[in-house]
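Asker:
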Amino acid sequence: MKSKGKLAIHINNFGGATFVVTAPDVEGRIIGRSGNQDGFMPDIDLNDYGAREAGVSRRHAVLVNYGGDVHIIDLDSVNGTFINGERLMPNQPYRFDQGDQISIGNLVLQIEPLAEK
Numbered sequence: 036m037k038s039k040g041k042l043a044i045h046i047n048n049f050g051g052a053t054f055v056v057t058a059p060d061v062e063g064r065i066i067g068r069s070g071n072q073d074g075f076m077p078d079i080d081l082n083d084y085g086a087r088e089a090g091v092s093r094r095h096a097v098l099v100n101y102g103g104d105v106h107i108i109d110l111d112s113v114n115g116t117f118i119n120g121e122r123l124m125p126n127q128p129y130r131f132d133q134g135d136q137i138s139i140g141n142l143v144l145q146i147e148p149l150a151e152k
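Once you know that position 18 of the sequence shown is 53 in my numbering, the rest is easy, because the numbers rise by one and skip nothing.
1) When the Cα of GLN127 is compared with those of GLY140, TYR101, ALA150 and GLN136, which residue comes out closest?
2) At what residues does the beta strand (DSSP E) containing ARG64 begin and finish?
3) Could you name the residues of the same chain whose beta carbon sits closer than 7 Å to that of THR57, not counting the 5 residues immediately before and after it, in chain order?
4) Can you look up ASP104 in the DSSP assignment and give me helix, strand or coil?
5) When you compare the CB positions of ILE107 and PHE75, do they come within less than 8 Å of one another, or not?
6) Taking ILE197 and ARG94 to be in contact with their CB atoms under 8 Å, please state how far apart those CB atoms are, rounded to whole angstroms.
7) Could you tell me the alpha carbon to alpha carbon distance between ALA89 and LYS37, rounded to whole angstroms?
8) Considering Cα atoms alone, identify which of VAL113, THR116, VAL105 and GLN72 is closest to VAL61.
9) If you reduce the DSSP assignment to three classes, tell me which class ASP83 lands in.
10) What is the rounded straight-line gap between the Cα of PRO148 and the Cα of ASN48?
11) Go ahead and label GLY50 buried or exposed: buried means 16 or more other beta carbons lie within 10 angstroms of its beta carbon, across all protein chains shown.
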């Protein structure tokens, strides 16, 4: 999936919630949940969507831009990251396509580019 502008993230198992984030650059956008223990705030905070109960780690995964395409990397999370049901090896970039289901713990997401205006 091409990485330009903004991305829409749909959370399939949270009443169809959708939010928009800026597409990742080389440094990436960390997906996880905020925590009081260390004050960490991920770029994409899933706390409002039941992240703790769904097994989302504080630093679960990262969206990165490689060659203009969005990739996801599992950050050695406890409950894993999956694309269409296949568990990702930690610390390896995986390209995904629009419509693929990405599971972060037990939260199921779909990520798609938004048309530029």
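A virtual CB, placed ideally from N, CA and C, is assigned to each residue, including glycine.
Answerer: Checking against the coordinates, here is how it stands:
1) Numbered from its first residue, the sequence shown carries residue 127 at position 92. It is TYR101 whose Cα lies nearest to the Cα of GLN127.
2) In the sequence shown, residue 64 corresponds to position 29, counting from 1. It spans 64-67 - the beta strand (DSSP E) in which ARG64 sits, taken as one unbroken run.
3) Numbered from 1 along the sequence shown, position 22 holds the residue referred to as residue 57. Here the set comprises LYS41.
4) Position 69 of the sequence shown, counted from the start, is the residue given in the question as residue 104. Of the three classes helix, strand and coil, the one that applies to ASP104 here is strand, per DSSP.
5) Reading the sequence shown from its first residue, position 72 is the one you call residue 107. Reading the sequence shown from its first residue, position 40 is the one you call residue 75. The answer is no: Cβ separation not under 8 Å.
6) Since the first and last residues shown for the chain are 36 and 152, residue 197 lies out of range.
7) Position 54 of the sequence shown, counted from the start, is the residue given in the question as residue 89. Position 2 of the sequence shown, counted from the start, is the residue given in the question as residue 37. Taking the straight line from one Cα to the other gives about 28 Å.
8) The residue you call residue 61 lines up with position 26 of the sequence shown. The shortest Cα separation from VAL61 among VAL113, THR116, VAL105 and GLN72 belongs to VAL105.
9) For the purposes of this step, residue 83 is taken as residue 48 along the sequence shown, with counting starting at 1. If DSSP states are grouped into helix, strand and coil, ASP83 belongs with the helices.
10) Position 113 of the sequence shown holds residue 148. Position 13 of the sequence shown holds residue 48. If you take the alpha carbons of PRO148 and ASN48, they lie about 20 Å apart.
11) In the sequence shown, residue 50 corresponds to position 15, counting from 1. Burial call: exposed.
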